[in-house]
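In this note's numbering, the protein residues as written are 1182 to 1644. We put the beta carbon where it would ideally sit given N, CA and C, even for glycine. Remember, it's a predicted structure, so these values are computed and weren't measured experimentally.
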């Protein structure tokens, strides 16, 4: 649910705090790379301290994180709050993946898919609630963050009084040293480790940007995200027969092809119908990536235990959060600038420079200073353009327009600034989808080789 909420509030954060797409990408990405750090640090500790203490810690973080963001004053405090939420999510993943593998030793891939139904399922719930809050004007983005606390309290109550088993690795008597050796020296695990960076980028990177990108085109992006994740949840619920028919590596190969086609198609979607159709293809493709990768590792490298699962989940979240999501924002900034009409942009900024000082003079307190700063940003962009022979500076131009657009006044230039930004953000974001879709080519090759090897050997058992 926190994933949906964070995706839904990206545009409000950008407007409220005057942030670039890159900065918003870092905030949104922190929810993933913090997740990664949490998994890698706490995953191996499941065997040592047990599951209950880690789940208690996650409950605390799920309450503290949203509060930090609600009372944020700028980029760094927003980043910190997102990071705490992501650490809480990582604690759940680090604890519950080995729990599932221990409870269902003969059905790991199937049951891990079932467990991960509620990642997209939570996104559906959070996405629909976020859409309804926006549609009916219920509260602000601050209220949406309160969604995160509700399921946290629910799982806290659910686990109260429960007895947790020792992990499968501990029960089987595998030493910690043997766990590290079995994980880090297996060629197959190293291949899975690399592929997890790519599959997580394809699944999670676009998911973070979908609401913001399509909302800029007048399409309800949060509902599109809910649609995609609703289909993913359904697909994961029926993972057993699919894996049985195709084998795990066969499923991953098909997913790589279908997700690449779906994401590429989504990057060209300009209407609601096309966006939802392309989103369906993308959902089918990405639905089995994450849990099946974990299932393959759990089944083929069983001595890796919680460490193997933690490393895979960690590197996937780290790559998507620290690299893919911000890079997509950078691509959106770059290509979005190309879509800004230079003549109209200059006219809007010139008008802002004329009018904003008067608005600032009549405003009270901090509002006056903010309006004055917006006028200065607009003037700085115009000055830079005159020095550069009329060329508007990238990044700073969009920031100036965002500063101008955030003020509610009777002046027409504020609405014109928003009208300039929306198509630019949509175009730049869709271009970033095309870059990410190219990763599926490499994934198809690697998974295809693994699948053909399994077919030749006639087995996909422990290695």
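Would residue 1478 and residue 1490 qualify as a contact pair, given that the criterion is a beta-carbon distance under 8 Å? yes
State the CB to CB distance for the pair residue 1456 and residue 1395, rounded to an integer number of angstroms; the pair is presumed to be in contact (CB under 8 Å). Contact annotation, residue 1456 with residue 1395: C-beta distance approximately 6 Å; criterion of less than 8 Å satisfied.
Does the region 1395-1415 come close enough to the region 1270-1289 that 3 or more CB-CB pairs lie under 8 Å? At 8 Å Cβ cutoff, the stretches do not touch.
Per-residue DSSP class, three states only, for residue 1472: Note: residue 1472 maps to helix in three-state DSSP.
Nearest-angstrom Cα separation, counted from residue 1618 out to residue 1442: 8 Å
Best match in 1530, 1552, 1336 for proximity to residue 1540 [C-alpha to C-alpha]: 1552
For residue 1449, does the three-state DSSP call read helix, strand or coil? coil
State buried or exposed for residue 1484, treating a residue as buried only when at least 16 other CB atoms are found within 10 Å of its CB. buried
What span of residues does the alpha helix (DSSP H) with residue 1207 cover, start to end? 1202-1223
Please go through the same chain and pick out, in chain order, the residues whose beta-carbon is closer than 7 Å to the beta-carbon of residue 1406, but skip the five residues on each side of it. 1185, 1188, 1304, 1308, 1388, 1391, 1392
Considering only the alpha carbon of each residue, which of 1191, 1255, 1276, 1250 lies closest to residue 1264? Residue 1250 is the option with its Cα nearest to residue 1264.
Supposed contact pair residue 1215 and residue 1268 - C-beta distance, whole angstroms, cut 8 Å: 5 Å
Can you tell me whether DSSP reads residue 1295 as helix, strand or coil? helix
Beta-carbon spacing of residue 1624, residue 1437 below 8 Å: yes
Measuring only the C-alpha atoms, how far is residue 1580 from residue 1500? 27 Å
Out of 1230, 1262, 1254, point me to the one whose CA is closest to residue 1124's CA. Coverage of the chain is limited to positions 1182 through 1644, which leaves residue 1124 absent and any answer about it impossible.
Quick check on residue 1211: buried or exposed, where buried means 16 or more other Cβ atoms within 10 Å of its Cβ? buried
Measuring CA to CA, which of 1569, 1229, 1614 is closest to residue 1357? The residue from 1569, 1229, 1614 with its alpha-carbon nearest to that of residue 1357 is 1229.
Going straight from the alpha carbon of residue 1431 to that of residue 1638, what length do you get? One Cα belongs to residue 1431, the other to residue 1638, and the distance between them is close to 14 Å.
Looking at the structure shown, is residue 1576 part of a helix, part of a strand, or coil, going by DSSP? coil
I need the DSSP call for residue 1424, collapsed to helix, strand or coil. helix
Might you give, ordered along the chain, the residues of its own chain that have their beta carbon closer than 6 Å to the beta carbon of residue 1518, omitting 5 neighbours on each side? 1575
Going by C-alpha distance, which of 1603, 1452, 1317, 1493 is nearest residue 1373? 1493
With residue 1217 and residue 1496 assumed to form a contact (beta carbons below 8 Å), what rounded beta-carbon distance in angstroms separates them? Indeed, because the Cβ distance is near 7 Å, the residues count as touching under 8 Å.
Quick check: the region 1415-1430 against the region 1442-1452, are there 3 or more CB pairs under 8 Å? Output reads no: the region 1442-1452 does not touch the region 1415-1430.
Residue range of the alpha helix (DSSP H) that residue 1637 falls in? 1620-1638
Hey, which unbroken runs of the alpha helix (DSSP H) at 4 residues or more fall wholly within the region 1522-1550? DSSP runs (the alpha helix (DSSP H)) wholly in the region 1522-1550: 1523-1543.
Same chain, Cβ closer than 6 Å to residue 1470, neighbours up to 5 away in sequence not counted: 1380, 1384, 1436
Reduced DSSP category for residue 1336 - H, G, I as helix; E, B as strand; rest coil: helix
In chain order, which beta strand (DSSP E) runs of at least 3 residues are fully inside the region 1216-1273? none
Output the boundary residues of the alpha helix (DSSP H) element that contains residue 1356. Taken as a continuous stretch (DSSP letters only), residue 1356 belongs to no alpha helix (DSSP H), as it is neither H nor E.
Between which residues of its own chain and residue 1386 is the CB-CB distance below 7 Å, once the five residues before and five after are set aside? 1501, 1505, 1506, 1509, 1617
If I measure Cβ to Cβ from residue 1398 and keep anything under 6 Å in the same chain, skipping five residues before and after, which residues do I get? The residues are 1607.
Assign residue 1626 to buried or exposed, taking buried as 16 or more other Cβ atoms, counted over all protein chains shown, within 10 Å of its Cβ. The residue in question, residue 1626, is exposed, as its Cβ has fewer than 16 Cβ neighbours within 10 Å.
What is the DSSP secondary structure of residue 1288, counted as helix, strand or coil? coil
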